[in-house]
Amino acid sequence: MIVTKINKLRDPFIVVHEGIYYAYGTGVVGTDWANTRWTLYKNTCGDLAGDWEKVENVAELPKYAEKNFWAPEVWLYRGKWYMLTTYFSSKTGRKGCTVLAADSPEGPFREISDGHLTPAEWECLDGTLYVDESGKPWLVFVKEWKCTEDGMGRMMACRLSEDLTRLEGEITELFSAPEPEWAKGRKVTDGCFMHKTEGGKLLMIWSNYSDNGYCVGISESESGLVTGPWKHGDLLYSRLFSGDYDGGHGMIFTSLEGEMTLAIHSPNKPAEDGTEERVILLPLEEVGNTLRWKR
Numbered sequence: 035m036i037v038t039k040i041n042k043l044r045d046p047f048i049v050v051h052e053g054i055y056y057a058y059g060t061g062v063v064g065t066d067w068a069n070t071r072w073t074l075y076k077n078t079c080g081d082l083a084g085d086w087e088k089v090e091n092v093a094e095l096p097k098y099a100e101k102n103f104w105a106p107e108v109w110l111y112r113g114k115w116y117m118l119t120t121y122f123s124s125k126t127g128r129k130g131c132t133v134l135a136a137d138s139p140e141g142p143f144r145e146i147s148d149g150h151l152t153p154a155e156w157e158c159l160d161g162t163l164y165v166d167e168s169g170k171p172w173l174v175f176v177k178e179w180k181c182t183e184d185g186m187g188r189m190m191a192c193r194l195s196e197d198l199t200r201l202e203g204e205i206t207e208l209f210s211a212p213e214p215e216w217a218k219g220r221k222v223t224d225g226c227f228m229h230k231t232e233g234g235k236l237l238m239i240w241s242n243y244s245d246n247g248y249c250v251g252i253s254e255s256e257s258g259l260v261t262g263p264w265k266h267g268d269l270l271y272s273r274l275f276s277g278d279y280d281g282g283h284g285m286i287f288t289s290l291e292g293e294m295t296l297a298i299h300s301p302n303k304p305a306e307d308g309t310e311e312r313v314i315l316l317p318l319e320e321v322g323n324t325l326r327w328k329r
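In terms of our numbering, the sequence shown opens at residue 35 and continues consecutively.
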């Protein structure tokens, strides 16, 4: 495990490009966690445990973006850099997922969609990009528990237009928060990220709560398609695994040394000993077409 020098950053998303590590996430302005911004740090030394410097002005705020600047994910797609992210819109009075674009991983990213991609009447967040076997892009995202009839979060998916500016077709519900045995009826669906194993299995890692706090679980598409059906497996990370803090909102990247690595923020809230949320990295391996922490 690597405890990085990146503190007070939630929802980390690591990009490796031309020998540089870029760490995007939900950062805080000042000391108030209610005041967040899309934040970027970069590491040019090639050592994940080394120093990171903050990159200013990574994104321009969209016209109606008011608050809840959360969970920026940056992807290189068809030769251009795209940021899939969340904000609360003063126009709709809701949180939703949007797309920004730039010519460089350092930005500046500017909104290319017409406001939120997700339905204006829903509370949505944590959108991730998935490109299927035929090269078609999908948005996988969270329909937050705050806007569902039963108070349980949902994981959703919908085709994206080729230029990533709008949804196309019907939105499909993938599963709900309490379905895994380890979730025990808890309501959160956070931080979805798609992973195709070497054996061809389509997995999703995502976060909810277990008896030991915020955690990362693994689900598998039984059809191999993003639309599922989805079955739920074991936990990939929890406080029981680390013997330390809880944590979640994970994503997977390959280090410069070729190591498959899980990035999460941990703890999920400041701990009693004063430890604040920071980015930690864990080596992963594939065993039996699933993932596990490579201790």
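C-beta atoms are modelled at their ideal positions from N, C-alpha and C, and glycine is treated no differently.
- About 7 Å separates the beta carbons of L315 and L296, which is inside the 8 Å limit, making them a contact pair.
- Within the model, the alpha-carbon separation for Y56 versus D224 is close to 22 Å.
- By a beta-carbon distance limit of 8 Å, L173 does not contact K129. Their separation comes to about 15 Å.
- Here E293 has P317 as same chain residues with Cβ atoms under 7 Å from its own Cβ, once five neighbours each way along the sequence are excluded.
- In the three-state reduction of the DSSP assignment, L290 falls in the coil class, being assigned neither a helical nor a strand state.
- In this structure, the alpha-carbon of E183 lies about 11 Å from that of W156.
- Taking a 10 Å sphere around the C-beta of D45, we find 16 or more other C-beta atoms and assign the residue as buried.
- T78 counts as exposed, since fewer than 16 other beta carbons sit within 10 angstroms of its beta carbon.
- In this structure, the CA atom of T119 is about 11 Å from the CA atom of L95.
- Note that the C-beta distance between G262 and V222 is not below 8 Å.
- One thing to note: S253 has its Cβ no nearer than 8 Å to the Cβ of L269.
- Closest option to K180, judged by alpha-carbon separation, among Y164, D148, R220: R220.
- P142 places its beta carbon less than 8 Å from that of N91.
- Within the same chain, Cβ atoms closer than 6 Å to the Cβ of P214 are found at G251, H266, the five residues on either side in sequence being excluded.
- Here R312 is buried: its Cβ has 16 or more other Cβ atoms, across all protein chains shown, within 10 Å.
- Taken through DSSP and simplified to helix, strand or coil, W327 comes out as strand.
- Put simply, the backbone Cα of L274 is about 18 Å away from that of I239.
- For C79, the three-state secondary structure derived from DSSP is coil.
- Between L151 and C131 the beta-carbon gap is near 5 Å, inside 8 Å, which marks them as a contact.
- R193 sits in a strand when the DSSP states are folded into three classes.
- Residue state for K129 is assigned as strand, using DSSP reduced to three classes.
- Look at S244 here: in three-state DSSP terms it is strand.
- The beta-carbon separation of D148 and K114, rounded to 18 Å, does not stay under the 8 Å limit for a contact.
- Only residues of its own chain outside the window of five on either side were considered, and among them N246, G247, Y248, C249, S272, R273, S300, P301, N302 have a CB closer than 7 Å to the CB of D280, listed in chain order.
- Looking at the backbone, the Cα of P106 and that of E319 are separated by about 25 Å.
- The straight-line gap separating the alpha-carbon atoms of V49 and W109 is approximately 8 Å.
- Under a 10 Å Cβ-count criterion, R144 is classified as exposed, with fewer than 16 other Cβ atoms of the shown protein chains found around its own Cβ.
- Where L95 is concerned, there is no enclosing alpha helix (DSSP H), because DSSP gives it neither an H nor an E.
- In the structure shown, the three-state DSSP call for S123 is strand.
- In the structure shown, the three-state DSSP call for S147 is coil.
- Distance from the CA of G161 to the CA of P212, rounded to the nearest whole angstrom, comes to 20 Å.
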